Amino acid sequence: MAEPKQESLDKMWKYVKGFAEKSGTAMHPMPAVTEAVVKGLAMHMDELGKPLCPCNFYKDKAAEAKLRRWMCACDEMQIYKYCRLLFVREDGLPITEYLPEGHEGREVYGVVTDPTPEKGRALKHKATATPTSLDETPASSSSTS
Numbered sequence: 027m028a029e030p031k032q033e034s035l036d037k038m039w040k041y042v043k044g045f046a047e048k049s050g051t052a053m054h055p056m057p058a059v060t061e062a063v064v065k066g067l068a069m070h071m072d073e074l075g076k077p078l079c080p081c082n083f084y085k086d087k088a089a090e091a092k093l094r095r096w097m098c099a100c101d102e103m104q105i106y107k108y109c110r111l112l113f114v115r116e117d118g119l120p121i122t123e124y125l126p127e128g129h130e131g132r133e134v135y136g137v138v139t140d141p142t143p144e145k146g147r148a149l150k151h152k153a154t155a156t157p158t159s160l161d162e163t164p165a166s167s168s169s170t171s
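Position in the sequence shown counted from 1, then plus 26, gives you my numbering.
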């Protein structure tokens with residue numbers, strides 16, 4: 027597997043550290059997890075010019091990058107403060123408090139409270155009461171075709 031450019035790695039580390047501070051989250055407590063995600067973001071920067079979340083599988087990465095919903099920090103993070111691996115609580119659990127009932131994150135982890143509710147959620151006004159599919163996030167469903 028190819029390695030990302032050092033410049034891309036440095037840029038992603040700076041971004042991730044800054045966003046964790048701004049959003050009131052911590053990076054995953056297992057350094058190898060954080061390093062793998064940051065490396066994946068950097069590789070997508072090199073490949074696509076965008077920090078597409080490496081935690082998902084995409085049929086067409088370039089098309090997905092144009093939609094922007096899985097760009098770090100993704101819609102789920104900006105709306106619900108939910109990230110499975112990178113931006114979590116200090117204990118490593120993802121914050122699920124703001125997710126709608128029935129969302130897979132709530133189903134798996136239960137309600138995990140936010141230790142810093144005054145930080146993050148720049149797009150909370152786009153939150154929905156019911157979960158949406160990956161093909162129809164609140165940000166993408168608000169646009170017209």
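C-beta atoms are modelled at their ideal positions from N, C-alpha and C, and glycine is treated no differently. Given the structure is predicted, the values throughout are model-derived calculations rather than measurements.
Contact check, residue i vs residue j, beta carbons under 9 Å
| i | j | result |
| --- | --- | --- |
| Val114 | Ala58 | no |
| Ala91 | Lys107 | no |
| Leu111 | His54 | yes |
| Cys81 | Val64 | no |
| Gly50 | Pro143 | yes |
| Ala155 | Gln104 | no |
| Leu67 | Met38 | yes |
CA-to-CA distance, residue j to residue i, given in whole angstroms
| i | j | result |
| --- | --- | --- |
| Glu29 | Glu102 | 28 Å |
| Cys98 | Thr122 | 18 Å |
| Gln32 | Arg132 | 36 Å |
| Phe45 | Ser34 | 16 Å |
| Lys43 | Cys79 | 16 Å |
| His70 | Phe83 | 13 Å |
| Tyr41 | Lys150 | 21 Å |
| Glu130 | Glu47 | 26 Å |
| Asp117 | Met56 | 10 Å |
| Lys145 | Glu61 | 24 Å |
| Trp96 | Lys152 | 15 Å |
| Arg94 | Cys109 | 16 Å |
| Asp72 | Cys100 | 18 Å |
Span of the alpha helix (DSSP H), counted from its first residue to its last, around residue i
| i | result |
| --- | --- |
| Phe83 | First-last for Phe83: undefined, no H or E at that position. |
| Met103 | 101-106 |
| Gly44 | 32-49 |
Three or more C-beta pairs below 8 Å linking the region 76-89 and the region 129-144:
no
Curious, which full-length alpha helix (DSSP H) runs of at least 4 residues does the region 52-78 contain?
57-74
Quick one: complete alpha helix (DSSP H) runs, 4+ long, within the region 93-154?
101-106, 130-135
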